[in-house]
Amino acid sequence: MIPAHVPADRIVNFDIFNPPGVEDDYFASWKTLLDGPGLVWTTANGGHWIGARGDVVRSLWNDSERLSNECLAVTPGLGDVMQFIPLQQDGAEHKAFRMAVMKGLASRYVVALEPRVVEIARELIAELRRRGSCDFVAEFAEILPLNIFLSLIDVPLEDRPRLRELGVQLTRPDGSIQKRMVEPGDDLFSHILSEPVMGRSWTEDEARRMCRNLLFGGLDTVAAMFGMVALHLARHPEDQKLLREQPDLIPAAADELMRRYPTVAVSRNAVADVEMDGVTIRQGDLVYLPSVLHNLDPASFDAPDEVRFDRDLTPVRHTTMGVGAHRCVGAGLARMEVIVFLREWLSQMPEFALDPSQPVKMKGGNVGACTALPLRWEPSLS
Ligand code: HEM
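Be aware that the sequence shown starts at 31, since it is given in our numbering, and climbs by one per residue.
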């Protein structure tokens, strides 16, 4: 049922999990909404608002007073299951937990991690290079962030087959989190858990909710970004060439590619009425904010679809990593991962292209992504 406060000219039927044409192009499918008003109400998935213009998306994303992070998703109930820390917290409580997580992800730790990320990337690339083709998503994009994460939390690569158990550990008590709390090591979780929150230690339940947040926040998102970056380069051999010849452009290229290919969208529940774009978001309404509709709105960035490595992106205005109180705490780590990926892949792989015999496929949802990205290149015997 459509609530009475939603004007008829704002009603659309847009399924965020399956936007029309998403299989072919996530960005094009979302951008159809840029032609309409800045806020629309979709009847799909139980009914919710969608911020559909750059300024609206950014300003609502920044409004953590009236829009709460508690709900997690437009899917009812999902938030209750996950209970992420700090993502699903608000106000002073959020601030206290976020601070501890930020300290654990401080840039000195990120810098110290880089050689390990390089090593993991090299191993994977060396294996693929000989073959001459791969499904980039399944064989690289999803594997590299996972391996990085395992070393980040100090799980040796040999234990990879035990991953299922690790997943279980995050949802059920079994002692490994307790151990890190009592005897902190030199891993990411230990760094975070040794930071007091509100003058006291973390409880075990809070520790698990935080670990869960880092795992969910730091794997699919990075994999999705690797996929989009590889897709761009496969379609633009001139950019591959430029970055191979001038690798010092890679950090700026990473920033611009991250602006150009935003795939995260967030959900908020209104805890007060919000007047915006000529309509009222009523207390209790759900609002969906896709960063693609901010970053690719021509009013946010000049010629937003163009990738320009010399685009001035300081201060960061794009919303790929969010904006405001909940802006991604892993942004520095994610940026380092993308830079390492670009450096290692471009320096070790010959020119690569899409395999024309197989389609590229994409999906929508809270983290959009390529689901199939067939690449090929001249195999190397060395
Ligand atoms: C390219 C990769 C990434 C993208 C696009 C991304 C995107 C985002 C976005 C948009 C938010 C804001 C959520 C909101 O406003 O509700 C966020 C928050 C967060 N991200 Fe990331 N992220 C990435 C990588 C990472 C990594 C590597 C980690 C962890 C190591 C991480 C951990 C988190 C956490 C814990 C939050 C919650 C922060 C808070 O609520 O204060 N993310 N991320």
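Even glycine gets a Cβ: it sits at the ideal position worked out from N, Cα and C. Remember, it's a predicted structure, so these values are computed and weren't measured experimentally.
If I measure Cβ to Cβ from residue i and keep anything under 8 Å in the same chain, skipping five residues before and after, which residues do I get?
| i | result |
| --- | --- |
| R274 | L376 and S377 |
| D307 | P67, G68, L69, R83 and V86 |
| P105 | The question names Pro, but residue 105 in the sequence shown is Thr. Around T105: N75. |
| N325 | G84, R289, R290, P292, F331, P334, H348, T349 and T350 |
| A126 | V227 and M228 |
| L63 | V42, F44, V70, I80, A82 and L323 |
Would the beta-carbon of residue i be found less than 7 Å away from any heavy atom of the ligand HEM?
| i | result |
| --- | --- |
| P320 | no |
| M228 | no |
| G248 | yes |
| W91 | yes |
| D398 | The sequence given here places Gly at residue 398; Asp does not occur at that position. No; taking the cut-off as 7 Å, the Cβ of G398 has no heavy atom of the ligand HEM nearer than that. |
| H356 | yes |
| A364 | yes |
| R128 | yes |
| V131 | yes |
| G394 | no |
| M351 | yes |
| V370 | no |
| N177 | no |
| M255 | yes |
| V87 | no |
| P116 | yes |
| L244 | yes |
| L158 | no |
Skipping 5 residues on each side, what residues in its chain have a beta carbon closer than 7 Å to that of residue i?
| i | result |
| --- | --- |
| V52 | S59, M392, K393 and G394 |
| P37 | V309 |
| Q208 | E234 |
| L249 | P175, L176 and F179 |
| E100 | G109, Q118, D120 and N299 |
| E3 | Look at the range of the chain in this structure, 31 to 412, and you will see that residue 3 is not part of it. |
| L403 | D165, F166, V167, G257, A260, L261 and V390 |
| P49 | S59, W60 and G394 |
| V397 | D250, T251, A254, T293 and V294 |
| R373 | P277 and I280 |
| S220 | R210 and P214 |
Which whole-angstrom value is the C-beta distance of residue i and residue j, which I expect to be below 8 Å?
| i | j | result |
| --- | --- | --- |
| I222 | A284 | Not quite, the Cβ-Cβ distance comes to about 25 Å (not below 8 Å), so this is no contact. |
| P334 | P328 | 6 Å |
| F256 | F371 | 6 Å |
| G362 | V140 | 5 Å |
| S98 | V301 | 5 Å |
| H78 | D315 | 7 Å |
| G81 | V317 | 7 Å |
Going by the beta-carbon positions, is the gap between residue i and residue j smaller than 8 Å?
| i | j | result |
| --- | --- | --- |
| P380 | E408 | yes |
| R298 | L90 | yes |
| E32 | I41 | Note that residue 32 corresponds to Ile in the displayed sequence, not to Glu. Cβ atoms of I32 and I41: closer than 8 Å. |
| L287 | C400 | no |
| G360 | L135 | yes |
| D385 | S163 | yes |
| V322 | F57 | yes |
| R242 | F114 | yes |
| M240 | V111 | no |
| E144 | M366 | yes |
If I measure Cβ to Cβ from residue i and keep anything under 6 Å in the same chain, skipping five residues before and after, which residues do I get?
| i | result |
| --- | --- |
| M211 | L223 |
| V296 | L319 |
| T201 | The pLDDT assigned to T201 is 48, lower than 50, so where the model puts this residue is not dependable, and the model offers no usable value. |
| P281 | I369 |
| H35 | T310 and R312 |
| C358 | M351 and G352 |
**Message:** Within 8 Å, do at least three Cβ pairs link the segment 169–183 to the segment 151–159?
**Reply:** yes
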